[in-house]
Amino acid sequence: MSRTFYIQNTEAPKVMSTEELLDLVGGNFRQFALREDDEELDEVMQMPLNEFGYMLLGQEGISGRGFECSYSDENHSYDVRVFTPSTSADWHGALSFIERLASHFGVSVTDEEGEEYEGNNITYDYRHDIEFGVKCFDKSREGHFIFGVKRPICLSEPMIDKLLAAEDKVKAFDDFVAAQLQHEDIYIARPTFYRNDKGEVMGVYTLTKTVQSILPYEYPPFIDITKFNITQKDIKEWRICFVNYDENLSEEDNFVPLGDLDYKTFLERFPQEKIQKLDGHYMNIRIDTKAEIEALLGKKKGFLDKIKGLFS
Numbered sequence: 008m009s010r011t012f013y014i015q016n017t018e019a020p021k022v023m024s025t026e027e028l029l030d031l032v033g034g035n036f037r038q039f040a041l042r043e044d045d046e047e048l049d050e051v052m053q054m055p056l057n058e059f060g061y062m063l064l065g066q067e068g069i070s071g072r073g074f075e076c077s078y079s080d081e082n083h084s085y086d087v088r089v090f091t092p093s094t095s096a097d098w099h100g101a102l103s104f105i106e107r108l109a110s111h112f113g114v115s116v117t118d119e120e121g122e123e124y125e126g127n128n129i130t131y132d133y134r135h136d137i138e139f140g141v142k143c144f145d146k147s148r149e150g151h152f153i154f155g156v157k158r159p160i161c162l163s164e165p166m167i168d169k170l171l172a173a174e175d176k177v178k179a180f181d182d183f184v185a186a187q188l189q190h191e192d193i194y195i196a197r198p199t200f201y202r203n204d205k206g207e208v209m210g211v212y213t214l215t216k217t218v219q220s221i222l223p224y225e226y227p228p229f230i231d232i233t234k235f236n237i238t239q240k241d242i243k244e245w246r247i248c249f250v251n252y253d254e255n256l257s258e259e260d261n262f263v264p265l266g267d268l269d270y271k272t273f274l275e276r277f278p279q280e281k282i283q284k285l286d287g288h289y290m291n292i293r294i295d296t297k298a299e300i301e302a303l304l305g306k307k308k309g310f311l312d313k314i315k316g317l318f319s
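Number 165 in my numbering belongs to position 158 of the sequence shown; there are no gaps in the numbering.
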């Protein structure tokens, strides 16, 4: 569910790139479609928006879900789509973005139902949109996922019950997403997909020693369809790779593999007391020692290892 607003492009056929759009609106808006270390980032940022498709935008440290901006060649318009439900902060950001864009072109703004708004004063009742979205959460589904600027958020049945029971559902949803954002400075592990020698697809997560990380605690891991063009039925196997980071080595060699494990076995062996569950699917964890990794891998210490341990 969502609500889309249309801003007519009076400069057509010229279409701005994401970089030009962000420079135009100013403020602390940024894109969330690609990671900052993505090798295609510079090319995408300078690409006309109609050539890229849907760009996820928002404000660093403020946006929970962000909003999508795309370009319609048919209507010569910039289309801004706000998800239902989004937080109040998401709506403030999206409406500010729309108003700045509309003011630049000197046009009014139209929504998907044909309602017209002054370009510098959009009076859409976003609180009603948030309340409607919360009431549509279905706790009968096994894990209700919504997509955020950094990662999906999974609402468990107790979480949905709490939101539905809230007198002020807008504030309850704002607070729920804000609680998730408190952990966004932690490394969010993303899967990498490979094909083995049989042509089968493998999904692989990486966990680096001493790095606080967010990983799925349910099996199989959820696939973010906004980031990957692949489905769960395509995956033959899920694994996790453990690595050690050594800053004394060269940049190419500083991540040293320590072993890998079937992801389901990893979840069964990982100490429950070290898991901080963030929502209905994701956890915050950290491994501090090589011995912990060896225990997960099922390696037993030999006599020399035990002797060395006395002096380490």
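Ideal placement from N, C-alpha and C gives every residue a C-beta, glycine not left out. Only a predicted model underlies this, so the values are computations on that prediction, with no experimental measurement involved.
- By the Cβ neighbour-count rule, Lys157 is buried, with 16 or more other Cβ atoms within 10 Å of its own.
- Boundaries for Phe183: no beta strand (DSSP E) harbours it, while the alpha helix (DSSP H) harbouring it runs Lys176 to Leu188, taken from the DSSP string.
- DSSP, reduced to helix, strand and coil, places Ser9 within a strand of the structure shown.
- Boundaries of the alpha helix (DSSP H) harbouring Ile167: Glu164 to Ala172, taken from the DSSP string.
- In chain order, Tyr226 place their CB closer than 6 Å to the CB of Lys271, counting only its own chain and leaving out the 5 sequence neighbours on each side.
- If you draw a straight line from the Cα of Ile129 to the Cα of Ile221, it is about 37 Å long.
- The region 109 to 125 and the region 55 to 75 do not touch, with fewer than 3 CB-CB distances between them shorter than 8 Å.
- By the criterion of a C-beta distance shorter than 6 Å, Phe154 is surrounded in its chain by Thr233, once the five residues flanking it on both sides are discounted.
- Counting only runs of 3 or more residues that sit fully inside the region 80 to 148, the beta strand (DSSP E) segments are 84 to 90 and 116 to 118, in chain order.
- For a cut-off of 8 Å, the C-beta gap from Ala179 to His83 is around 40 Å, too long to register as a contact.
- For Met54, the CB contacts under 7 Å within the same chain, skipping 5 residues up- and downstream, are Ser24 in chain order.
- Within 10 angstroms of the beta-carbon of Val263 lie fewer than 16 other beta-carbons, which makes it exposed.
- Counting only residues of its own chain and dropping the five nearest sequence neighbours on each side, Lys176 has a CB closer than 6 Å to the CB of Glu138 and Val141.
- Distances from the alpha-carbon of Ser9 to those of Arg37, Asp49, Arg72 and Gly34 put Arg72 closest.
- In this model, His288 and Lys281 are separated by some 16 Å (Cα to Cα).
- By the beta-carbon neighbour count (other beta carbons within 10 angstroms, threshold 16), Asp204 is exposed.
- Given a length threshold of 3 residues, each whole run of the beta strand (DSSP E) inside the region 31 to 64 is given here in chain order: 36 to 38.
- In the three-state scheme derived from DSSP, where H, G and I count as helix and E and B as strand, Thr272 is classed as helix.
- Membership of Glu244 in the beta strand (DSSP E) is indicated by the continuous run Ile242 to Tyr252.
- For Lys205, the three-state secondary structure derived from DSSP is coil.
- The beta-carbon separation of Cys161 and Phe235, rounded to 17 Å, does not stay under the 8 Å limit for a contact.
- DSSP places Thr199 in the strand class (E or B) of the three-state scheme.
- By the neighbour-count definition (other C-beta atoms within 10 Å, threshold 16), Cys76 is a buried residue.
- By the CB criterion at 9 Å, Leu56 and Leu108 fall outside the cutoff.
- Taking 9 Å as the cut-off, the beta carbon of Leu274 is found no closer than this to the beta carbon of Cys248.
- Counted as a single uninterrupted DSSP element, the stretch harbouring Leu285 is not any alpha helix (DSSP H), since DSSP gives it neither H nor E.
- The three-state reading of DSSP puts Thr25 in helix, counting H, G and I together.
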